[in-house]
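In the numbering used here, the protein residues as written are 11 to 536.
Given below as structure tokens:
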């Protein structure tokens, strides 16, 4: 990658490219695969199909990562919790996919994150022993997945002094030590989806946001351009429904039981330094934790809940006060500094698209959403539409591969096996290469080998080196890059997904004017 403001070849998404490719997609010629939904799984399916040499169109009614894929804990889990519920295949699959992301496909976006489980008076010796056995089993999963020890260090026991060193915010009274474990941490889930979509685009997939699928069949979809209101048809030899919690709206017979996972957003200065994240045991639960997740942008996420959602599925889920209260209560059980409702500067909730196999949709307390398997399913309707549901962010690549396999088999497409387990995403490179890039470390962790190109924009115009909002590291250069190369079309795309400034409403409001000004300046170029 050169040190100039040039993106990866063919990977730029822009308003102009979208307009051109939407016209091509609706010109009456059939493509090989139409993917509906551009979350992690849909973008992954578009990449998988394009990497096999298939002609691909992928659409979303909103933006990249508009739904569940931007509301995760920003973690790439190794499957530890699935061992506890004897879901050994899901646990192993999670560990394998974690290793793929960390070592091959996205080492710029995923790195090792230490976590401390504090051993307080609320954790009995028996519970501590069970947790330690779980962490050892998680390390065995790492070994079985052939992930290097250099990528994920071994778990170990901590003294009280070591525990407080890694988590100074903990209450010292009654602290008898801690347990240190490691997992994969995403720089940002929405950035992963953006990288997937751009990597697919570099392989000639047409990635079309703001294009709503009104009706789908095995031979294509009737669609509407949400920017103009114009309707058209995309013909396809195979159709993959990857619309997550909305999958049942497009294909009859699919029952989704959404589960709401809520996170709080705090300012990091309120809690103080957190060299490691925290696993806080939920009182009364044997295998459930609240996570405290320090970020690189001056924020801390605290999550998450697991509650069933009743009623219609919203575009953006609300966060109920009961969820906020629950998370604050668990947080208060271990922290020395009180965290009150007024300290919560933002909150977000995502909906897990869990497959309801109970026979009755939303069957109530008979089966808690926390107990529903996270195993994904690929379903082919009687007329041949392939739907992929369930699963989780960590295993998006395997879900996408399985969905494309099913589409290839169902429709008799000529395609070889998936190459995506060894296919680096846009920006990916070996750690040594990333470390040698002439760009700030924060940019490298967000853009990988494209970081010098983003940094060069700021070098040409000092205004672009300034933060968009005081106290947050995102600069005007990053906003301009998102407009020119990452398919952002409006303020919401920029604030809520490409940069995540919008996770704090006050920051979003303050940044809005600056972002609109940058959009006006960039308009002739995108």
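Each residue gets a CB set at the ideal place from its N, CA and C atoms; glycine is no exception.
- With respect to residue 431, residue 388 sits apart: the two C-beta atoms are not nearer than 8 Å.
- Taking C-alpha positions only, residue 262 is separated from residue 64 by approximately 27 Å.
- Annotation: residue 322 to residue 229 spans about 28 Å, alpha carbon to alpha carbon.
- In this chain, residue 346 is not harboured by any beta strand (DSSP E), its DSSP state being neither H nor E.
- When Cβ pairs closer than 8 Å are counted between the two stretches, the region 261-277 is seen to touch the region 355-363, the count reaching three or more.
- Below 8 Å, enough C-beta pairs join the region 509-529 and the region 473-481 to call them touching: three or more.
- Between residue 113 and residue 408, the gap from beta carbon to beta carbon reaches 8 Å or more.
- In the DSSP assignment, residue 269 is bridged to 318 and 362.
- For residue 30, the uninterrupted alpha helix (DSSP H) segment begins and ends at 25-35.
- Minimum Cα-Cα distance from residue 116 among the listed residues 194, 528 and 180 corresponds to 194.
- For residue 327, the three-state secondary structure derived from DSSP is coil.
- Remark: C-beta atoms of residue 162 and residue 152 approach each other more closely than 8 Å.
- By a beta-carbon distance limit of 8 Å, residue 216 does not contact residue 224. Their separation comes to about 18 Å.
- Residue 302 is not a Cβ neighbour of residue 292, given a cutoff of 8 Å.
- Only residues of its own chain outside the window of five on either side were considered, and among them 311 have a CB closer than 7 Å to the CB of residue 305, listed in chain order.
- Classified as buried, residue 66 has 16 or more neighbouring CB atoms from the shown chains inside 10 Å of its CB.
- Only residues of its own chain outside the window of five on either side were considered, and among them 248, 249, 250, 251, 388, 389, 390, 413, 416, 417 and 420 have a CB closer than 8 Å to the CB of residue 396, listed in chain order.
- Cβ contact annotation for residue 517 (same chain, cutoff 7 Å, sequence separation greater than five): 479, 482 and 511, in chain order.
- The bridge partners DSSP lists for residue 289 are 301.
- DSSP places residue 392 outside any alpha helix (DSSP H), giving it a letter other than H or E.
- The C-beta separation of residue 196 from residue 85 comes to about 7 Å, placing the pair in contact by the 8 Å criterion.
- Burial check for residue 295: the Cβ neighbour count within 10 Å stays below 16, so the residue is exposed.
- Between residue 75 and residue 54 a beta carbon distance of about 12 Å is seen, past the 8 Å cut, so the two are scored as non-contacting.
- Between residue 244 and the set 485, 42 and 452, the nearest pair of CA atoms involves 42.
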